[in-house]
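Counting in our numbering, the sequence shown runs from 3 upward without gaps.
Each residue gets a CB set at the ideal place from its N, CA and C atoms; glycine is no exception.
Note that the coordinates shown come from a computational prediction; the quantities given were computed from them, not determined experimentally.
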Amino acid sequence: MMVHLEEGALQALLDGELDREGTREAEHHLVSCAECGLRLADLQNASAVLSAALGHLDTRLVLSVSPGPLTAPPSIRRRRWSTAPLRRAVVLLVTGAAAASATIPGSPVRRWIGERLALTPAPTAFEVSPDVESPAPELASEPPPESGVSVEPIDGRLRIVFDDAAPGLQVRVRLADSPRGGVFAIGDATAARFQTAPGLIEVLAAGAGEVRVEIPRSAASASVIIDGRPYLVKEGDALRLEAPARDSSATEVLFEVDP
């Protein structure tokens, strides 16, 4: 059940005596309550009539004062300062009389209230959407697992040998500034086994993933051999492809093992 504003709260709102929070709550209530809006309008009308009457009375009192300094006597100043309580009492009295008159059939006040209710817009209905759980944030995908080994060339020479490589295995060969040569398996190729010796890396049973081969730029010679077939040979600063490359650039070559 809606709780309506009291007469004192409505009058305090008109007189500007509510604090900011009270004013905000009262105005919010008036937006959706036609009854309180009607009562507030009654108070405003009664206050306007009273203000006009008091203003007329003040004018007559000031005009009756004999010529002299333009300063109201203390009694008049005191009376003016105390008009707010008087105004509030009269407004409440007038409002009560109007409310009583509104109950009489055929009363002009009752007819006026009916007209105002017909003009008052219906309260706005707000749809409250049900709580919807927000989707969980997507976690950043982890990089694929990687395994590998590295060795130093011996006398400037390095050999990378693949045995029993799975068809579709991608071998990415690149030149590196590191003094060590390395082989690093990614994804399904991480099942491979590695054997090393000075200047030699053997890759056994690499699955159909990707293997990255790093050859030191400083190596005098290097070779990549897959299942007994040379794929790439480095002599000094020159690279020679012994098998078709799927892709290549100035510093990288990509091979794919044929079925």
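Bridge partner(s) assigned by DSSP for residue i
{"i": "G150", "result": "F186"}
{"i": "Q172", "result": "E212 and E258"}
{"i": "R231", "result": "I228"}
{"i": "S250", "result": "V255"}
{"i": "E237", "result": "S223 and A240"}
{"i": "D165", "result": "L206"}
{"i": "P218", "result": "A178"}
{"i": "A199", "result": "L202"}
{"i": "L160", "result": "A224"}
Member of the options whose CA lies at the smallest distance from the CA of residue i
{"i": "D165", "options": "Q197, L16 and I217", "result": "Q197"}
{"i": "A208", "options": "L171, L16, P261 and S250", "result": "L171"}
{"i": "L32", "options": "A247, S223, A240 and E8", "result": "E8"}
{"i": "L256", "options": "E237, G238, Y233 and D239", "result": "Y233"}
{"i": "N47", "options": "A224, E237, Q13 and A240", "result": "Q13"}
{"i": "I203", "options": "G184, P261, S250 and I188", "result": "G184"}
{"i": "A240", "options": "A194, V215 and S223", "result": "S223"}
{"i": "E27", "options": "V153, V5 and A43", "result": "V5"}
{"i": "A252", "options": "G10, L243, V259 and S180", "result": "L243"}
{"i": "V213", "options": "S149, V153 and V235", "result": "S149"}
{"i": "L177", "options": "T25, L45, D21 and S250", "result": "S250"}
{"i": "G230", "options": "V175, I162, R182 and A199", "result": "I162"}
{"i": "A167", "options": "R182, I156, P200 and I228", "result": "I228"}
{"i": "R39", "options": "A50, L15 and D21", "result": "Checking the displayed sequence, the identity of residue 39 turns out to be Gly instead of Arg. Ranking A50, L15 and D21 by Cα distance to G39 puts L15 first."}
{"i": "C169", "options": "P261, A245 and V215", "result": "Correcting the residue type first, residue 169 is Pro in the shown sequence and not Cys. Ranking the options by Cα distance to P169, first place goes to P261."}
{"i": "P181", "options": "R22, E29 and D157", "result": "D157"}
{"i": "L175", "options": "C35, A199, A194 and R248", "result": "Strictly speaking, residue 175 in this sequence is Val, with Leu absent from that position. Here the closest residue by C-alpha is R248."}
{"i": "E154", "options": "P200, A50 and P147", "result": "P200"}
{"i": "G238", "options": "A36, L160, D17 and R41", "result": "L160"}
As assigned by DSSP and simplified to three states, the class of residue i
{"i": "L20", "result": "coil"}
{"i": "E244", "result": "coil"}
{"i": "G70", "result": "Annotation note: pLDDT 49 at G70 (below 50); position unreliable, coordinate value reported separately. Correct three-state label for G70: coil."}
{"i": "A178", "result": "strand"}
{"i": "L45", "result": "helix"}
{"i": "L63", "result": "Bear in mind that the predicted position of L63 carries a pLDDT of just 46, short of 50, making it too unreliable to give a figure here."}
{"i": "A11", "result": "helix"}
{"i": "A28", "result": "helix"}
{"i": "C267", "result": "The first residue shown for the chain is 3 and the last is 261, placing residue 267 beyond what the model contains."}
{"i": "V1", "result": "In the structure as shown, the chain starts at 3 and stops at 261, and residue 1 therefore has no counterpart that could be examined."}
{"i": "V5", "result": "coil"}
{"i": "A193", "result": "helix"}
- Message: Check whether the stretch 188-197 and the stretch 219-227 are in contact - that is, three or more C-beta pairs closer than 8 Å.
- Response: no
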